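Line by line, the protein sequences give chains R and P.
Residue 6 is where the first sequence starts when you use our numbering, and the numbers rise one by one after that.
Residue 6 is where the second sequence starts when you use our numbering, and the numbers rise one by one after that.
Protein chains: 2
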Amino acid sequence: MGTVSKALSLLGFFSRSRSLIGLSEMARLSRMNKATVHRMLNELQAEGFVEQSGTGREYRLGPALLRLAALREATVPRRDLAQSVVDDLAARTGETAHASFLQGEVLSTITYAYAHQHGLQVTMEDAEILPLHATSSGHVVLAYSDPAFQKAALATALKSYTDSTITDAKLLQAKLADVRTSGFAEALSAFETDVHTHAAPLFDANQACIGALAIAAPAARMTPELRSLIRNALLEAAPRLTRLMGGFLPTDYARKDAAE
Amino acid sequence: MGTVSKALSLLGFFSRSRSLIGLSEMARLSRMNKATVHRMLNELQAEGFVEQSGTGREYRLGPALLRLAALREATVPRRDLAQSVVDDLAARTGETAHASFLQGEVLSTITYAYAHQHGLQVTMEDAEILPLHATSSGHVVLAYSDPAFQKAALATALKSYTDSTITDAKLLQAKLADVRTSGFAEALSAFETDVHTHAAPLFDANQACIGALAIAAPAARMTPELRSLIRNALLEAAPRLTRLMGGFLPTDYARKDAAE
DNA sequence: CTTATCGGTTCACTATATGAACCATTGGTT
DNA sequence: AACCAATGGTTCATATAGTGAACCGATAAG
Chain R
6 MGTVSKALSL LGFFSRSRSL IGLSEMARLS RMNKATVHRM LNELQAEGFV
56 EQSGTGREYR LGPALLRLAA LREATVPRRD LAQSVVDDLA ARTGETAHAS
106 FLQGEVLSTI TYAYAHQHGL QVTMEDAEIL PLHATSSGHV VLAYSDPAFQ
156 KAALATALKS YTDSTITDAK LLQAKLADVR TSGFAEALSA FETDVHTHAA
206 PLFDANQACI GALAIAAPAA RMTPELRSLI RNALLEAAPR LTRLMGGFLP
256 TDYARKDAAE
Chain P
6 MGTVSKALSL LGFFSRSRSL IGLSEMARLS RMNKATVHRM LNELQAEGFV
56 EQSGTGREYR LGPALLRLAA LREATVPRRD LAQSVVDDLA ARTGETAHAS
106 FLQGEVLSTI TYAYAHQHGL QVTMEDAEIL PLHATSSGHV VLAYSDPAFQ
156 KAALATALKS YTDSTITDAK LLQAKLADVR TSGFAEALSA FETDVHTHAA
206 PLFDANQACI GALAIAAPAA RMTPELRSLI RNALLEAAPR LTRLMGGFLP
256 TDYARKDAAE
């Protein structure tokens, strides 16, 4: 590991619960010599990546990060990030993948990808609007949204799209509780008949759920093996996309890295 | 200059107009050896500070910056940043300094500092609301706001606070044009009689004006020397605070680093 | 086929990073 | 007051990690 990596890795020790770190503490955390850490912090400070808080002499993250993050955000649109992950998901699962984001009160699909491995596959429309109560993406967003938003969404009339659409608020609420414990949502024929979908949540920098990553497969093709493949793919890809967009996973978000 | 600083300085070559940089170009820009730059970019990439764009092999800023910037923002409130700059301004000019930010449609003072060098000084109230048309801070914000906002503000009734308050929209519009060319606003007795104020704009990451930094002095104390001192202090401090908050100066913002 | 680029790699050389031991302060305990 | 255990910061002999000219293979243009 080069000196540069070591220095940059120091920044990784800052977190929401540990926003100020002193020299000695940083040396302990990084298991590096105090003198080494001191020189690295000095260099990081010279470039604005850390600064010393006015009061104590402890270090905290610096203003240069804001500059660079703003540039990053300007140069890499969220859509492109989602596209790369969705492409990857479709290739790995052999099924249609899509990413949707909350835009105000509605969930809008901003990108999707087909797998081209089978003749039969679920097709998508550009910029499709997904009903929150009748899609797995919607369920996942509702499950992780703040209570006020969830309540408002459940209070509206729940339109039925298929025989299997959940139109009862109480039933849906129970389902959302399941989603929160398992970390993703599953729906069969809820929005379109014979379409089986899985979805996992996406979060922003404030740990708020802002959208979902989903896989849609023909119900006929669903087997325990495919189901497991899809779940594992989603559980890896959704946190990855969250990270790419600069988001944070909430602490209560169940990480099941080795889901069977 | 240590290796870490050199590596971090590479990030500084990215800008809105140059968001993708290839290895050779980066070597040219930084006047460093290609092999050196390559190794540095590799280390930066390993830590997520840069990444290679899908298409070409060029480098762009990476996702780790978003994570860290979000943490920075969470740990250092804007108010604290403004406070440190305002304290410094008051000490350097010997007059009252304050920082105000747009909150919706009104300009609200979030922090101020007295100099304690003179018996007579301009006093402030906590969380004071400043009228946009009758303060130098307001002028500066209006001058750099988008036309729609400016137009809406000028369309309302312009209340008179003193004999010198500008209440004519046309006159005010002319004044705002001056502010844009000079880079700051000056007002005498516009809001309070015998108070002479100077203000300079503050910008966010989208180069939008979000507030102003101002110095208020008793009119009786204003001399060409003090005026020059205040202007120089503001022209240094305002961009500095903008940078501390992760903002960008607009390209058309007159930088008069050596103002007389 | 030649001649530019490009991104990336190699390896002798040396500049740079390292860390044990060292200050000077600070705050708490006896 | 004296002592101890922290803190942030510094020194300097040692050796590790960084450097850069020259190289490669690929791609594109003339």
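Cβ atoms here follow ideal geometry from the backbone N, Cα and C, with glycine treated the same way.
A quick note: this is a predicted structure, and the numbers were derived from the prediction, not measured.
- Within the model, the alpha-carbon separation for Gly27(R) versus Asp183(P) is close to 48 Å.
- Arg36(P) is outside the set of residues whose beta carbon lies under 9 Å from a beta carbon in chain R.
- Per DSSP, reduced to three states, the secondary structure at Phe106(P) is strand.
- Residue environment analysis places Val55(P) among the buried positions, since at least 16 neighbouring C-beta atoms fall within 10 angstroms of its C-beta.
- Ser142(R) has its alpha-carbon roughly 5 Å from the corresponding atom of Ala204(R).
- Taking Ser165(P) as reference, the option from Ala225(P), Leu177(P), Val111(P), Ser10(P) with the minimal CA-CA separation is Leu177(P).
- Assigned with DSSP and collapsed to three states, Thr161(R) falls in coil, not helix or strand.
- Counting C-beta pairs closer than 8 Å gives three or more between the region 103-115 of chain P and the region 77-93 of chain P, which meets the contact rule.
- Nearest Cα to Ser22(P) within the set Phe18(R), Gln108(R), Arg77(R): Arg77(R).
- When secondary structure is reduced to three states using DSSP, Pro82(P) falls in the coil class, being assigned neither helix nor strand.
- If you ignore the 5 residues before and after Ser20(P), its C-beta comes within less than 6 Å of no other C-beta in its own chain.
- Ser29(P) sits exposed, since fewer than 16 C-beta atoms from the chains shown fall within 10 Å of its C-beta.
- By the C-beta criterion, the region 123-141 of chain R is judged not to be in contact with the region 236-246 of chain R, since fewer than 3 inter-stretch pairs fall below 8 Å.
- The C-alpha of Pro68(P) is placed about 10 Å away from the C-alpha of Ala74(P).
- Interface flag for Pro68(P) against chain R is set, since a Cβ pair is found closer than 9 Å.
- Per DSSP, the beta bridge partners of Glu191(P) are His203(P).
- Between Val146(R) and Ala217(R) a beta carbon distance of about 6 Å is seen, short of the 8 Å cut, so the two are scored as contacting.
- Contact with chain P is found for Met250(R), since one of that chain's Cβ atoms lies less than 9 Å from the residue's Cβ.
- By the 16-neighbour rule on beta-carbons within 10 angstroms, Met45(R) is buried.
- For Val90(P), no Cβ of chain R is located within less than 9 Å of the residue's own Cβ.
- Residue contact with chain R for Leu16(P): present (Cβ-Cβ distance below 9 Å to some residue of chain R).
- Under DSSP, the beta-bridge partners assigned to Glu56(P) are Arg65(P).
- Secondary-structure assignment with DSSP links Ala118(P) through a beta bridge to Ala102(P).
- For Ala32(R), there is no enclosing beta strand (DSSP E); the enclosing alpha helix (DSSP H) covers residues 28-35.
- Ala217(R) is bridged by DSSP to Ser105(R), Pro206(R).
- At a cut-off of 9 Å between beta carbons, Met31(R) makes no contact with chain P.
- Taking all protein chains shown into account, Glu110(P) has fewer than 16 neighbouring C-beta atoms within 10 Å of its C-beta and is therefore exposed.
- A direct Cα-to-Cα measurement between Ser150(P) and Ala213(P) gives close to 7 Å.
- At a cut-off of 9 Å, the C-beta of Ser194(R) has no neighbouring C-beta in chain P.
- Per DSSP, reduced to three states, the secondary structure at Ala174(R) is helical.
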